[in-house]
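Here the structure is laid out as structure tokens; the discussion comes afterwards.
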Amino acid sequence: MDREDEFMATPAHPETPLLSLRGVTKSFGAVDVLKGVDLDAWSGKVTALVGDNGAGKSTLIKGIAGIYGFDGGTYTFEGQPAQVASPKQANDLGIEVVYQDLALCDNLDVVANMFLGREALSGGTLDEATMEQRANETLKGLSVRTLKSVRQNISSLSGGQRQTVAIARAVLWNSKLVILDEPTAALGVAQTEQVLNLVRRLADNGLAVILISHNMNDVMQVADNVAALYLGQMAAQVSTAQLDRARIVELITSGRSGDIGLSAKEVAL
Amino acid sequence: MSETTKALDAQVAADAAAAEEARPSRLRQLVATPIMATLAFLAVLLLAFSILAPGKFGTTSNLTLLAQNVAILTVASVGTTFVIATAGIDLSIPSGIILGEVFAAQALMMISAGDGKAIDVPADQTRAGYVLAALAGALVAGLVIGAVNGVLVAYMRIPPMLATLGTLGAGLGVALLIRKGVNVATYALNPVATGTLIPGVPGLTNLVLIGLIVVVIGYVALHHSVFGRHTLAIGSSEEAARRVGLRVERHLLKVYVLGGLANGFAGFLSLAYFSTTSVGGHTTDNLQAITAVALGGTSLFGGVATILGTLIGVWIPAVLQNGFIIIGVNPYWQMIAVGIVLVLAVWSDQLRRRSQNRR
Ligand SMILES: Nc1ncnc2c1ncn2[C@@H]1O[C@H](COP(=O)(O)OP(=O)(O)OP(=O)(O)O)[C@@H](O)[C@H]1O
Ligand SMILES: [Mg+2]
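Chains D and L, in that order, are what the protein sequence lines are. Under the working numbering, the first residue of the first sequence carries the number 65, and numbering increases by one thereafter. Under the working numbering, the first residue of the second sequence carries the number 934, and numbering increases by one thereafter.
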């Protein structure tokens, strides 16, 4: 437990985190996937969540998003202990997740997708004008220039444009924390750049962002701090300024790098 | 950094160009919309038959007859448009209609009127109460069969084609058992179909008026209500609908119940119009309704649906049939013509989809 004290002494950012997990655990049957993980996310900052395949990244964000509850540990949001047992409760807190497979309705247009499940009504029928206006405002607020019309069907959009729509949908609802699971995994160079710029703007607009990525370029370019999971333990969460690509890779592959990370004893666990 | 910026700008330009491309001129857009193509086709048919059979096809009386003939199928087709919009299908339309007729008739048989039962009163002595009782009976029948379909499809995950094939057979069997295979006649509901609530408009009998009202309700529900939006969303991507918190199973159940109610209501109208139940009839109503929906541009793959298209799709086969008889062409040609038009309509839908998908 002295590992934890060590981190508390050097947090990645001085401000109070928006989201703070301490010692969360999750098991599936006999398999301990998360073994006491700490994670912080700050408003206005991009937190990169990295780790090898199977380290537990998706499991961790599903717990945050309320897909399932954690088995143990504490979940603090805006300084208050929070009970998040369902996606709805997470949404109510202001937490939105953009999953890797996006899941948009191809046959519906951008507006319909952004408002799906939370449609604006007037007199009992759909208020298309209001929804269109708010969709345009949201996209404008994110400086999105790539969508010609919000009345285009999703089926006519490129991968990057779809990702943009999914992200815009996530920020439409006064969200405070947006979690993105590998948003650039399927994109080419230019579209990756576009989406990373968008991720940066989310943080610059004051949102807390957690970005899962396997791409060290993405992480170095856009993240303010890096949280590295190693076999279900948080190896370290430190400011990006203290790291370089090689050290992140070391944290991912061996759980430690120089004076940061798990102790030899913990790695062996 | 400037290189990435350049690449970014290039991508922005490319995306903008693609977006521009996806937005053709107004006219091309209209022609490319399936509904305009089918509407144009219907207009050509109407015009051609009017020219080929002057004074016979284009008359008010003939067009009224046509409108009367399609009204009942229109009601069932509007309901089934919602089912098909979810990428489902309802083959049980005939049993919904026939059970609707039978339940309506049974309801009339339970009500006493004078010395006899409501089912035996002549058209001019009927009462609103009798009509409402028959309507309630028909809707109960539709509700039950729709709910069974919905539970089978949404909760038991039985493919819609098989689930509704099951209720098609079972429903017809129940109708035959109740009626012991014998039809029953009644004139008590005639005013519902043949009367004119709004006099003075040529062709606007009550049956036609009711058909129109159902179309308007269906239009608003599909295109301007949350219910319709969620129906299309589920047909487009069930997973996406689930992720945003839609209760997919419950919604599918509602859609099949709606389809069942439309069929039961069509049965009520059928009893009113034909003055008899028809336990051996309506056998191809499911195929006719599906044909109408597909002709109108609703995609059998779900997610794309149009009520106005369905209305046009109901008319095309009816006009072909009626027109061929009038101009003296063997009406069997109608079946061949409808078959060809249907395949062409679905084929053009496929082409459109393929050209739309960039991914
Ligand atoms: N529902 C489940 N039941 C059993 N084991 C599970 C379940 N979900 C995840 N696991 C296991 O938990 C471990 C962590 O999985 P997780 O998906 O969180 O990894 P990840 O870090 O997201 O990996 P990747 O980079 O490949 O996406 C894996 O060993 C996985 O097999
Ligand atoms: Mg994962």
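Heads up, the beta-carbon is just placed ideally off N, CA and C, and yes, glycines get one too. Quick caveat, the model's predicted, so the values are computed rather than measured.
Asked                                                                                                                                                                                : Found
Does any residue of chain L have a CB that is nearer than 7 Å to the CB of D/A167?                                                                                                   : yes
Smallest Cα separation from L/G1151: which of L/G1083, L/A1238, L/G1213?                                                                                                             : L/A1238
Across which residues does DSSP place D/L244 in a beta bridge pair?                                                                                                                  : D/V162, D/L275
What is the DSSP secondary structure of L/S1169, counted as helix, strand or coil?                                                                                                   : helix
For the pair the segment 129-140 of chain D and the segment 110-121 of chain D, tell me if three or more CB-CB distances fall below 8 Å.                                             : no
How about the segment 1222-1239 of chain L and the segment 1272-1288 of chain L: do they share at least three Cβ pairs that are nearer than 8 Å?                                     : yes
Need the endpoints of the beta strand (DSSP E) that D/Y372 sits in, please.                                                                                                          : The question about residue 372 of chain D has no answer, for chain D in this structure spans 65 to 333.
Might you give, ordered along the chain, the residues of its own chain that have their beta carbon closer than 8 Å to the beta carbon of D/Q335, omitting 5 neighbours on each side? : Because residue 335 of chain D is not part of the residues shown, which for chain D are 65 to 333, the question remains open.
Express the C-alpha separation of L/G1012 and L/V1148 in angstroms, rounding to a whole number.                                                                                      : 10 Å
Where does L/R1286 sit, in a helix, a strand or coil, going by DSSP?                                                                                                                 : helix
Do the segment 1095-1106 of chain L and the segment 1012-1028 of chain L meet, that is, are 3 or more Cβ pairs less than 8 Å apart?                                                  : yes
Would you call the segment 1033-1040 of chain L and the segment 1268-1275 of chain L in contact, with 3 or more CB pairs under 8 Å?                                                  : no
Could you give the DSSP three-state label for D/K204: helix, strand or coil?                                                                                                         : helix
Could you pull the DSSP bridge partners for D/Q297 from this structure?                                                                                                              : D/Y294
State the start and end residues of the unbroken alpha helix (DSSP H) segment that holds L/R1183.                                                                                    : 1181-1207
Verify the CB distance criterion: does L/H1157 have a CB-CB separation below 7 Å to chain D?                                                                                         : yes
So, using beta-carbon positions, are L/V1086 and L/P1093 closer together than 7 Å?                                                                                                   : yes
Roughly how far, in whole angstroms, is the beta-carbon of D/V286 from the beta-carbon of D/R264, given that I think they are within contact range, below 8 Å?                       : 5 Å
Is D/K99 near ligand 3, going by C-beta to nearest heavy atom under 6 Å?                                                                                                             : With respect to small molecules bound, the structure shown includes ligand 1 and ligand 2 and not ligand 3.
Taking the continuous alpha helix (DSSP H) assigned at L/F1015, which residues delimit it?                                                                                           : 993-1018
Shorter than 6 Å, the distance from the beta carbon of D/K121 to the closest heavy atom of ligand 2, or not?                                                                         : yes
Three-state secondary structure (DSSP) at L/V1212?                                                                                                                                   : coil
Would the segment 1013-1023 of chain L count as touching the segment 1051-1063 of chain L if we require 3 or more Cβ pairs under 8 Å?                                                : no
So, D/G296 versus D/L103, is the Cβ gap smaller than 7 Å?                                                                                                                            : no
Along the chain, where does the beta strand (DSSP E) that runs through L/F1234 open and close?                                                                                       : It is not in any beta strand (DSSP E) - L/F1234 carries neither H nor E in the DSSP assignment.
Cβ of D/L377 less than 7 Å from any chain L Cβ?                                                                                                                                      : Coverage of chain D is limited to positions 65 through 333, which leaves residue 377 of chain D absent and any answer about it impossible.
According to DSSP, simplified to helix, strand and coil, what is L/V1134?                                                                                                            : coil
Cβ of D/G181 less than 7 Å from any chain L Cβ?                                                                                                                                      : yes
Who does D/N171 pair with in a DSSP beta bridge?                                                                                                                                     : Per DSSP, none; premise fails for D/N171.
Quick check on DSSP: helix, strand or coil for D/Q144?                                                                                                                               : strand
How about D/L206 and D/L262: do their beta carbons lie closer than 7 Å?                                                                                                              : yes
For L/F1160 and D/E314, what's the separation of their Cα atoms in angstroms?                                                                                                        : 52 Å
Let me confirm a value: D/E79 is counted as buried when at least 16 other C-beta atoms fall within 10 Å, else exposed. Which label applies?                                          : exposed
What does the alpha-carbon distance come out to for the pair D/D323 and D/L211?                                                                                                      : 46 Å
Residue range of the beta strand (DSSP E) that D/G87 falls in?                                                                                                                       : 83-92
When we look at the beta-carbon of D/S84 and count the other beta-carbons within 10 Å, is it buried (16 or more) or exposed?                                                         : buried
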